[in-house]
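For the sequence shown, the working numbering begins at 840 and goes up steadily by one. All C-beta atoms, glycine included, are put in the ideal place defined by N, C-alpha and C. Source: prediction; values computed, not measured. First the structure, in the form of structure tokens, and then the observations on it.
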Amino acid sequence: MKFKSRLDELVYKIKEARVAYYNNTSKVSDQVFDAWISELSKLDPFHKELVAVGSEPVSNWEKHTHNIPMGSLNKVNTFDELKSWADKFCKSFFLTHKLDGLSLSLIYEDGLLIKAITRGSGEVGEDIFVNVMKIPNVPRRIDLEGTVHIRGEIMFELQEFEKFKAEYSNPRNAASGISRRYDGTNSESLRFYAYQIFCEDLDIASEMQQFEMLEKMHFTVPDHYLLSTIEEVEKFRNSLDRSSLAYEIDGLVIRENDLNLQKKHGDTHMRPKAAIAYKFDADGAETTITSIDFQVGSTGVITPVAYFEPVELEGAKLKKCSLYNFDYVKQLGLNVGAKVLVIRANGVIPRIQECIEPNGETLEAPKLCPECQSPTEFVGSYLKCTKPADCIKAKKEKIMKFVSNMNILEWGDKLIDQLFEKKLVNKISDLYSLTADQLASLDRMGEKSAERCLSALNERKSISLERFLGSIGIPGINESTFKLIVDAGYNTFDKIVEITEDQLNEIKGLGEVKSKSIVNFFASHSEETKNIYKHLDIIIKGTKLAGKGFCFTGSFKDRKALEELVGKHGGTLKGSVGSSTNYLITNDTTSGSSKNKKAQELNIPILSEGDFLKLVT
């Protein structure tokens, strides 16, 4: 297509990209889109496309006009820009993560959820109510009369997103795509994070009070902090460890805490003046794919891995990344020799964001397993070895996944390789039959190392039922899935191995795909599962911490073990400090961290690891 000017071309591309982004068909990265916006702002600083919110929905979902328009936020990228904004519009700094999901407005009438409207253009969205009803953490009823609007984001938490990399290149696209499927498939895997209430009868004075009210109504809210100065905001941003978060974020949102001041400042083009998105640097680097390897996983899934000319991003040197599956490869048109844009997703995980210059051919899937030479087949979007039970690599990976999930760090991949070479193990349960003499006979082991490995194996025998079952390699199933099952009353091993699909389908948050996977696994692996189980000491939940919320922060020798103790004794884990938190656990009780400060403000007890252990002994 020819354009009269570069400005016309930019406007066309930006509009097209917005429609594609909303409808989950985008092939343009955030970096490229932001570059177009920056260029347009230089050519025409007042062009209406610079302040557009979204696009009119394109689908068969019922359209709905927002009674209260759903706006967007202005963005800044540097501290100087942030300070300039703060000097004009902000005195007290309420800070939250900038969630990268699908914006949604829940509408309640006299306490009952009746509609769930996507943001869309900001004025018109889609009512995806039937799918939102399947999201397990969305309250169906709230204790408020009249009409209430709850604003928030539909998100994919990173652990859950692992199962959907075959279809979607990132969690945001997955959240948008799955929440708008007409058949509602996998909506139970989504989560909703709330951050705003609209209700005429409520008198809410501050952002902090608003979040506390949301938590009291049993909504999940993003981590949030009240800071005094813009310098504290910058310090928080620089010290934030995004790899520890449950979800991807692409920045921080800073708002004036005083809601009356927010209203006085007003908005421009549905963008509030007293709120800003402080974006993280998301620089990408151009490089060339030099080779592609194929890795066989614990369930026989074959994953392509790209190696490329090394690049440095955000202080890390990158040279390889997963290509997830062949749908992803086909979508981007990847092969050896292609020039690509590499980013660090969420500031951590290397990912090829787009193919800048393909080499003309797309990588083909291997017809034989690269490890055992058995035929391969596609199961949905996944390429799999047809004989994973006989594939040595798949067996190794299954054991490696087990010891990793069980936190048995002493058992590394080189040790597992030797055990297979010597034919000492063939499956997980074989680990518990090994002797110190057998281990000591391996290269670079010796008696002390052998004893240490066996001690580590035996020390991790006391675990929760859900952690054990989430570690044995059921396709698409993890610990959180079994927690739902245990909490539904199937709290013994015997109950779970005999469970039916119909029983599983009745549990909120599962769905037919997961139910079938669990039942099929036990039908063919029940003997091996029982052999593993008999070597373990499964923890039965108690009630010492029942009804109590616990938030952990800082470093611990074995944080997962401490968190398991909370569940074992009937407590609940909290991702942030709020009104539903009863204790903050940290090994630095005098720390000036934001969580410590908030706990002090709310008079929440701050305990050391030792003090916490006293609660459960």
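Inter-residue CB distance, residue i and residue j (contact presumed, cutoff 8 Å)
i       : j       : result
Ala1114 : Leu951  : Wrong, their Cβ atoms sit about 30 Å apart, outside the cutoff.
Met1056 : Pro978  : 6 Å
Tyr947  : Val987  : 4 Å
Ser1213 : Cys1230 : 7 Å
Ser931  : Asp1097 : 6 Å
Gly1312 : Lys1240 : 6 Å
Ser1310 : Asn1244 : 4 Å
Ala1085 : Gly1410 : Wrong, their Cβ atoms sit about 18 Å apart, outside the cutoff.
Ile1131 : Leu1180 : The pair is not a contact, with the Cβ atoms about 17 Å apart (cut-off 8 Å).
Leu1308 : Ile1335 : 7 Å
Arg1030 : Ile974  : 7 Å
Gln1049 : Ile1069 : About 22 Å; that fails the 8 Å criterion.
Lys1339 : Val1358 : Here the sequence assigns Thr to residue 1339, which means Lys is not the residue at that position. With a Cβ gap of about 7 Å, Thr1339 and Val1358 count as contacting.
Leu1281 : Gln1257 : 5 Å
Residue range of the unbroken beta strand (DSSP E) whose run includes residue i
i       : result
Thr819  : Outside the shown range of the chain (840 to 1456) lies residue 819, about which nothing can therefore be said.
Glu1095 : Ile1088 to Glu1095
Gln1035 : Arg1030 to Phe1037
Ile1302 : Ser1301 to Ser1303
Ile1195 : Ile1188 to Glu1196
Asn913  : Asn913 to Val915
Gly1388 : Gly1388 to Phe1391
Lys1347 : Counting along the chain, Lys1347 falls outside any beta strand (DSSP E), and DSSP gives it neither H nor E.
Asp883  : Asp883 -> no beta strand (DSSP E), and no H or E assigned at all.
Ala1114 : Ala1114 to Lys1118
Ser942  : Leu941 to Glu948
Tyr1146 : Ile1141 to Leu1152
Leu1423 : Tyr1422 to Ile1424
Glu1027 : Run containing Glu1027: none; DSSP gives neither H nor E here.
Thr1138 : Neither: Thr1138 is in no beta strand (DSSP E) and is coded neither H nor E.
Lys1413 : First-last for Lys1413: undefined, no H or E at that position.
Ile1377 : Asp1376 to Ile1378
Lys1223 : Tyr1221 to Cys1224
Lys937  : Phe932 to Leu938
Assigned exposure category for residue i - 16 Cβ within 10 Å defines buried
i       : result
Ile1424 : buried
Phe1217 : exposed
Ser894  : Note on Ser894: pLDDT 48, under 50, position unreliable in the model; no value is reported.
Ile1267 : buried
Asn1025 : buried
Val897  : Any answer about Val897 is weak, because its pLDDT of 48 lies below 50 and its placement is not dependable; what the coordinates show is given next. Label assigned to Val897: exposed.
Leu1446 : buried
Asp949  : exposed
Gly961  : buried
Ala1362 : exposed
Val969  : exposed
Lys1437 : buried
Asn1012 : buried
Asp1427 : exposed
Asn1009 : buried
Tyr1117 : buried
Glu1054 : buried
Phe842  : exposed
Leu1207 : exposed
Val1403 : With the sequence shown as reference, residue 1403 is identified as Glu, and Val is not the correct amino acid for it. By the 10 Å Cβ count, Glu1403 comes out buried.
Tyr851  : exposed
Gly1251 : exposed
N- and C-terminal bounds of the alpha helix (DSSP H) containing residue i
i       : result
Phe1050 : Glu1046 to Lys1055
Ser1319 : Glu1318 to Asp1326
Lys1353 : Glu1351 to Tyr1372
Ile1069 : Ile1069 to Ser1078
Ala1400 : Arg1398 to Lys1407
Ser1288 : Gly1285 to Glu1298
His1104 : Leu1098 to His1104
Leu1281 : Note, Leu1281: premise wrong, no alpha helix (DSSP H); not H, not E.
Tyr1332 : Checking the sequence shown, residue 1332 turns out to be Phe, not Tyr. Phe1332 to Val1336 is the span of the alpha helix (DSSP H), which, as asked, contains Phe1332.
Lys1453 : Glu1448 to Leu1454
Asp926  : Phe918 to Phe928
Glu1440 : Ser1433 to Glu1440
Those runs of the alpha helix (DSSP H) which lie wholly inside the region 1244-1279 and span at least 4 residues
1252-1260 and 1275-1279
Between the region 1227-1245 and the region 1157-1177, do at least 3 Cβ pairs fall closer than 8 Å?
no
Which runs of the alpha helix (DSSP H) spanning at least 4 residues fall entirely within the region 1159-1184, listed in chain order?
1165-1171
Taking 8 Å as the cut-off, does the region 1407-1426 touch the region 1381-1390 (at least 3 CB pairs, one atom from each stretch)?
yes
3-residue-minimum beta strand (DSSP E) runs that sit fully inside the region 952-1016, ordered along the chain
963-965 and 986-994
Touching by the beta-carbon criterion (3+ pairs, under 8 Å), the region 992-1006 and the region 935-946:
yes
For the region 1105-1112 and the region 1124-1133, state whether three or more C-beta atom pairs, one from each stretch, are separated by less than 8 Å.
no
Pairs of beta-carbons, one from the region 1320-1337 and one from the region 1346-1356, closer than 8 Å: are there three or more?
yes
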